[in-house]
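Q: Attaching a single structure in structure tokens format; questions to follow.
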DNA sequence: TAAGCGTGGAA
DNA sequence: TTTCCAAGCTT
């Protein structure tokens with residue numbers, strides 16, 4: 158453990174840059190404005206986990222219009238929230254969002270410390286620190302992937318991730334100011350997303366270039382990461398069962414892939430195995446084509462089979478969903494793609 | 001610590 | 001087309 162002395166030059170330069178160049182975002186207070194609503198900060202931080210700003214914006218607008226405060230979200234049926242989240246990915250976030258909203262409503266408001274925030278489902282070290290700093294003005298060391306990259310370069314930390322996380326956090330601690338820790342965190346993230354980018358960082362435009370230990374020594378190579386594993390390709394089938402302007406939808410089990418989401422029935426494919434189950438009913442299935450979709454850790458090639466005028470109901474739980482409201486069903490992207498294929502095939506096959 | 005968990009945009 | 005990877009969390 159090395160004794161560290163707080164660096165005052167780096168946060169001062171970064172905050173000056175942020176005062177001049179901060180991005181305006183719907184969940185952000187610009188420098189000098191009052192701190193933003195903790196509900197909006199929390200909601201945005203959950204949505205932004207592993208997700209780009211551009212992808213989040215329309216969902217944030219929709220959620221805050223439908224549920225303007227945490228009490229409204231706490232009172233919403235989980236099913237509605239899951240459907241509203243459809244397409245954004247990492248669906249455990251939506252389940253945890255509802256749980257956390259209900260916990261906050263029971264508490265009478267958001268916890269205002271990292272320790273308290275950390276207890277909410279879906280809130281980890283990063284998110285707790287970010288909310289404490291941005292919404293409550295606490296000094297907190299906020300480390301996301303942007304900060305990891307900036308700090309690894311600034312301090313020339315050569316150790317590979319994930320082992321480097323401890324050293325990176327300690328280094329980040331030495332440059333985090335007592336005041337304006339929220340602006341500092343957002344400035345680091347802006348810097349990482351716009352200047353100190355993963356590839357071809359724009360060091361000429363960087364306010365911290367003068368203090369950067371990696372400057373001139375190929376900063377792009379930092380942080381060092383372990384090589385990626387190859388993704389297996391799985392095969393599966395999904396079934397479009399149509400009757401009198403309705404399609405048969407099921408709800409996926411709460412855990413695992415696309416957990417808790419509405420979906421088309423399938424043959425049980427997973428990250429570990431091809432689908433092996435049979436169709437949910439007998440009938441004259443027509444091949445509507447196949448969709449290819451890549452998840453974080455595998456690719457699925459999903460054949461879409463369709464059946465018209467099905468009777469009686471398919472086996473198992475499900476419901477007949479009106480086709481004209483299919484957009485409201487909240488299908489995750491894989492099944493939305495399959496549905497498009499099935500609907501396109503209707504014209505061809507009938 | 002490692003694996004599981006989505007999606008879409010950029011290069 | 002392929003690869004990378006984004007304001008991570010949970011188990």
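Residue numbers (my numbering): 158 to 507. Glycine is no exception: its CB is placed at the ideal position from the N, C-alpha and C atoms. In this text, all values refer to a predicted model and were calculated from it rather than measured experimentally.
What's the C-alpha gap between residue 346 and residue 303?
A: 5 Å
Q: Using 8 Å as the Cβ pair cut-off and three pairs as the minimum, do the segment 288-297 and the segment 237-250 touch?
A: No, the segment 288-297 does not touch the segment 237-250.
Q: Can you grab the Cα-Cα spacing for the pair residue 183 / residue 361, in whole Å?
A: 29 Å
Q: Looking only at its own chain, which residues have a Cβ that is under 7 Å from the Cβ of residue 159, when we skip the five neighbours before and after it?
A: With a pLDDT of 45 at residue 159, under the threshold of 50, the modelled position of that residue is not reliable, and the figure given next carries that caveat. Here the set comprises nothing.
Q: Give every residue of the same chain whose Cβ lies closer than 8 Å to the Cβ of residue 254, excluding the five residues on either side of it in the sequence, and list them in chain order.
A: 200, 203, 230, 238, 242, 279
Q: Could you tell me which uninterrupted beta strand (DSSP E) segments, each at least 3 residues in length, are contained entirely in the segment 376-417, listed from first to last along the chain?
A: As far as the segment 376-417 is concerned, its whole beta strand (DSSP E) runs of at least 3 residues are 390-400, 403-408.
Q: Which residues in the same chain as residue 325 place their Cβ atom closer than 7 Å to its Cβ, once the five residues preceding and following it in sequence are excluded?
A: 300, 305, 308, 309, 314
Q: For residue 343, collect the residues of the same chain with a Cβ closer than 8 Å to its Cβ; drop the 5 residues on either side in sequence, then sort them by chain order.
A: 175, 179, 185, 291
Q: Given that a residue counts as buried once 16 or more other Cβ atoms are within 10 Å of its Cβ, and exposed if not, what is residue 449?
A: exposed
Q: Whole angstroms is fine: what's the gap from residue 250's alpha carbon to residue 426's?
A: 23 Å
Q: Check this for me: beta carbons of residue 475 and residue 389, under 9 Å apart or not?
A: Annotated as distal: residue 475 and residue 389, with beta-carbon spacing of 9 Å or more.
Q: So the alpha helix (DSSP H) residue 288 belongs to, where does it begin and stop?
A: 282-293
Q: Take the Cβ of residue 433 as the centre, count every other Cβ of all protein chains shown within 10 Å, and call the residue buried at 16 or more, exposed below.
A: exposed
Q: How many angstroms separate the CA atom of residue 217 from the CA atom of residue 283?
A: 20 Å
Q: Name, in chain order, the residues that DSSP records as bridge partners for residue 478.
A: 404
Q: According to DSSP, simplified to helix, strand and coil, what is residue 351?
A: Helix at residue 351.
Q: If you measure between the beta carbons of residue 270 and residue 296, is that distance less than 9 Å?
A: Going by C-beta atoms, residue 270 is not nearer than 9 Å to residue 296.
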